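In what follows, a single structure is set out as structure tokens and then discussed.
In our numbering, the protein residues as written are 8 to 301.
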């Protein structure tokens with residue numbers, strides 16, 4: 008049986024239109040869930056997970072951040088924005104749209120999604136976060152070969168492409184959606200710090216919002232994820248200073264799911280991870296400070 012999806016447009020607090028898709032739960036909804044995607048990854052990438060979660064009784068929303076996918080302007084050349092607004096504006100609009108009295112609200116994050124949660128002005132509406140592949144982005148946390156490849160991208164290939172196109176044409180490298188120039192510049196800058204933007208003096212104000220987070224968090228990383236290995240995850244997640252966040256390390260050789268890397272968490276073979284995430288969210292969201300305060 009084919010269950011319909013709803014294609015809609017969210018309007019952020021600063022007036023930007025965000026393309027989103029809602030996957031209504033099969034039967035009566037037991038909760039709502041927002042997928043906070045990775046940098047340069049369109050929302051369609053998470054369709055299989057959204058379909059699985061809706062089959063388990065969750066109404067799910069995916070979205071394209073501004074400048075990406077269906078939220079991209081006609082041309083990225085000359086398009087200006089703030090990388091932080093993917094969290095504090097775009098994801099925040101999805102949280103507002105999915106927050107319904109009487110139903111729990113969860114976020115499943117991927118990479119940047121674990122950053123975005125601490126940027127939300129309305130994170131108090133979210134009962135729990137389960138994030139995959141979140142890390143600090145610093146090349147020093149990566150194995151040597153990947154470290155050299157990333158440094159080459161940041162110092163040679165990226166600047167050349169940006170000079171030619173006016174934005175990071177990441178699709179030329181087969182690495183995802185093209186990125187607005189401001190995303191490229193901020194991301195590149197913060198990746199020079201072992202703890203990402205937490206060590207940028209200009210971003211000191213971000214600590215207060217992360218400190219105000221009280222919702223339970225689980226951060227799950229695969230040992231073959233070259234971009235977000237456990238040490239990288241721990242370096243970033245320590246920014247959630249007032250949450251007893253938990254962590255899970257996955258050895259793909261023992262899990263029987265095949266290689267996972269940075270993008271494989273949402274492949275069909277990783278369905279056991281999805282089931283585990285939903286179970287953890289439901290169990291830990293019951294006693295979430297966000298839920299109890301409401």
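The beta-carbon is built from N, C-alpha and C at its ideal position, and this holds for glycine as well.
The structure presented is a predicted model; accordingly, all values stated were derived computationally and were not measured.
Item                                                                                                          : Value
Unbroken stretches of the beta strand (DSSP E), 3 residues or longer, contained in the stretch 90-117         : 112-117
Reference residue 142; option with closest CA among 49, 169 and 225                                           : 225
Alpha helix (DSSP H) runs contained entirely in the stretch 120-184, provided each spans 4 or more residues   : 151-159 and 165-172
Classification of residue 49 by the beta-carbon crowding that lies within 10 angstroms, buried from 16 upward : buried
Limits of the alpha helix (DSSP H) - the one that residue 188 falls within                                    : 188-197
Beta-bridge partners of residue 13, as assigned by DSSP                                                       : 29
Buried or exposed by the 16-neighbour rule on C-beta atoms within 10 Å, applied to residue 163                : exposed
Separation of residue 107 from residue 160, as counted between CA atoms                                       : 43 angstroms
Span separating the alpha-carbon of residue 190 from that of residue 89                                       : 7 angstroms
Segment contact, 8 angstroms Cβ cut-off, at least three pairs: the stretch 168-179 with the stretch 190-204   : yes
Paired residues, beta bridge with residue 254 - DSSP                                                          : 226
Inter-residue spacing [alpha-carbon to alpha-carbon] between residue 265 and residue 235                      : 18 angstroms
Through-space distance from residue 187 to residue 175, alpha-carbon basis                                    : 6 angstroms
Same chain only: Cβ atoms within 7 angstroms of residue 295, ignoring 5 sequence neighbours per side          : 134, 135, 222 and 223
Length of the line joining the Cα atoms of residue 289 and residue 203                                        : 30 angstroms
Residue 279 to residue 139 span [Cα, whole Å]                                                                 : 13 angstroms
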